[in-house]
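Residue numbers for the sequence shown, in the numbering used here: 105 to 264. Built from N, CA and C at the ideal position, the CB exists for glycine as well. Source: prediction; values computed, not measured. Let me begin by presenting the structure, written as structure tokens, before commenting on it.
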Amino acid sequence: MLPDAISPTGFIFLFPLAGLLLGAAVQDVRTLTIANGWPLAIIVLFVIGYPLGATDGALWSHGLHFAIALAIGMALFAMGWFGGGDAKLYAAIALWFDLGHALHLFVAVVLSGLVLAIAHLGVRLVRRGGGTRRSLKDSKLAYGIAIAVGALIALPTTLA
Numbered sequence: 105m106l107p108d109a110i111s112p113t114g115f116i117f118l119f120p121l122a123g124l125l126l127g128a129a130v131q132d133v134r135t136l137t138i139a140n141g142w143p144l145a146i147i148v149l150f151v152i153g154y155p156l157g158a159t160d161g162a163l164w165s166h167g168l169h170f171a172i173a174l175a176i177g178m179a180l181f182a183m184g185w186f187g188g189g190d191a192k193l194y195a196a197i198a199l200w201f202d203l204g205h206a207l208h209l210f211v212a213v214v215l216s217g218l219v220l221a222i223a224h225l226g227v228r229l230v231r232r233g234g235g236t237r238r239s240l241k242d243s244k245l246a247y248g249i250a251i252a253v254g255a256l257i258a259l260p261t262t263l264a
């Protein structure tokens, strides 16, 4: 559910958040890594923005969403299904979403990831002339793109 309007404070924080998310995505595309500075900057921005009213919801709800996202992300990283930088980036942006808006972020990121995976698979198949099962399995996906795009889609639902 989209809000009627984003407050001026929320609107002001949208631009630096977008810049940080896009910066992390670009780095992920180039290097398949996301430096710790990107999620850290998103967290610092939350620490500044929350008291100013950039987002609403109880602080404990934002913190719990962050903790859950980080725990799940680290578990996925341990299983080799997710990069460590991806896990930290998702958890950092999850901090901006209270539990009531968590599903908005999750669905937007998953759908963005699905589109990214299909596009990635298509490019791999075209480049490899059909490819092999092994070459497709070993290919790496810069999931920071999906996190950034999904977060940008979902942010208007949480910014006050």
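Contact annotation: Thr159 and Leu209 have beta-carbon atoms that are not nearer than 9 Å. A residue is called buried once 16 or more other Cβ atoms fall within 10 Å of its Cβ, and Ile222, having fewer, is exposed. Per DSSP, Thr113 has no beta-bridge partner at all.
Leu225 and Ala246 have their alpha carbons spaced roughly 12 Å apart. In this model, Ala252 and Pro260 are separated by some 14 Å (Cα to Cα).
Ranked by Cα distance from Val211, the options Ala258, Phe186, Met183 are led by Ala258.
With respect to the C-alpha of Leu125, the residue from Gly189, Pro112, Arg231 having the closest C-alpha is Gly189. In this structure the segment 168–182 lies against the segment 190–209, because at least three pairs of beta carbons, one per stretch, are closer than 8 Å. Excluding the 5 residues flanking it on each side, Lys244 has same chain C-beta neighbours closer than 7 Å at Leu136, in chain order. Contact annotation, Gly157 with Gly204: C-beta distance approximately 17 Å; criterion of less than 8 Å not satisfied. Contact between Gly114 and Ala264 is confirmed by a C-beta separation of about 5 Å, below the 8 Å threshold. Between Gly217 and Ala250, the beta carbon gap of about 4 Å places them in contact (Cβ cut-off 8 Å). Per DSSP, Thr262 has no beta-bridge partner at all. Just so you know, the alpha carbons of Gly187 and Phe181 end up roughly 5 Å apart. CA-CA distance, Leu168 to Ile110, rounds to 24 Å.
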